[in-house]
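In what follows, a structure is listed as structure tokens, so that the remarks can point back to it.
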Amino acid sequence: MELRVTATTLEVLHGGKRVAAHPLNARRGAHTTTPEHMPASHRAHLQWTPAKLIAWAERIGAATAAVVRWQMEHRAHPEQGYRSCLGLMRLGRQYGGDRLEAACARAQSIRSPHYKSIASILRSGLDQRPLAAPVAVQATLPLHENVRGPGYYH
1 MELRVTATTL EVLHGGKRVA AHPLNARRGA HTTTPEHMPA SHRAHLQWTP AKLIAWAERI
61 GAATAAVVRW QMEHRAHPEQ GYRSCLGLMR LGRQYGGDRL EAACARAQSI RSPHYKSIAS
121 ILRSGLDQRP LAAPVAVQAT LPLHENVRGP GYYH
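Counting in UniProt numbering, the sequence shown runs from 1 upward without gaps.
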């Protein structure tokens with residue numbers, strides 16, 4: 001295999017014959033991808049956009065939409081969240097929208113809006129249990145002469 005690089009093109013040669021050619025991006029560090037040279041799984045992602053994924057999630061419910069938005073916002077590039085979002089779609093087909101919505105709500109309540117967490121919640125059936133109300137914890141200060149309490153700082 002041999003590569004031929006010009007100012008505008010990268011060519012791949014095999015046995016002296018060109019088997020592929022890619023245009024080079026003029027921006028430093030940028031890349032170009034020819035869809036027909038992508039793996040089939042990556043090509044399938046081309047039809048999706050963040051807006052389409054969020055619109056799908058909103059039809060399921062507010063918690064699912066929040067998880068999908070989180071996936072898009074917490075990645076260097078929104079496309080990196082597509083696999084997780086497509087996985088959520090698969091979970092929705094497998095378990096139903098109501099269960100997916102409940103699992104996303106639970107995942108948010110434990111601050112873990114990740115695909116793996118949501119899949120685990122669904123597998124274990126935790127989505128079908130009520131969310132526990134947050135317990136108010138009343139902190140009591142130990143009695144000691146060095147503990148000043150909040151009144152000291154006013």
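Note that the Cβ used here is the ideal one computed from N, Cα and C, for glycine as well.
Asked, Found
"Check the C-beta distance from Ala76 over to Cys104 and give it rounded, since I have them as a contact under 8 Å.", "Actually they are not in contact, since the Cβ atoms of Ala76 and Cys104 sit about 23 Å apart, beyond 8 Å."
"Could you give the distance in angstroms between the alpha-carbon of Leu10 and the alpha-carbon of Arg27?", "15 Å"
"With 16 as the cutoff for other CB atoms within 10 Å, does Pro130 come out buried or exposed?", "exposed"
"Pull up the distance between the alpha-carbon of Tyr115 and that of Pro39, whole angstroms please.", "22 Å"
"Quick one: residues in its chain with C-beta nearer than 6 Å to the C-beta of Gly61, no 5 flanking neighbours on either side, listed in chain order?", "Glu101"
"Quick one: complete alpha helix (DSSP H) runs, 4+ long, within the segment 56 to 103?", "62 to 73, 82 to 95"
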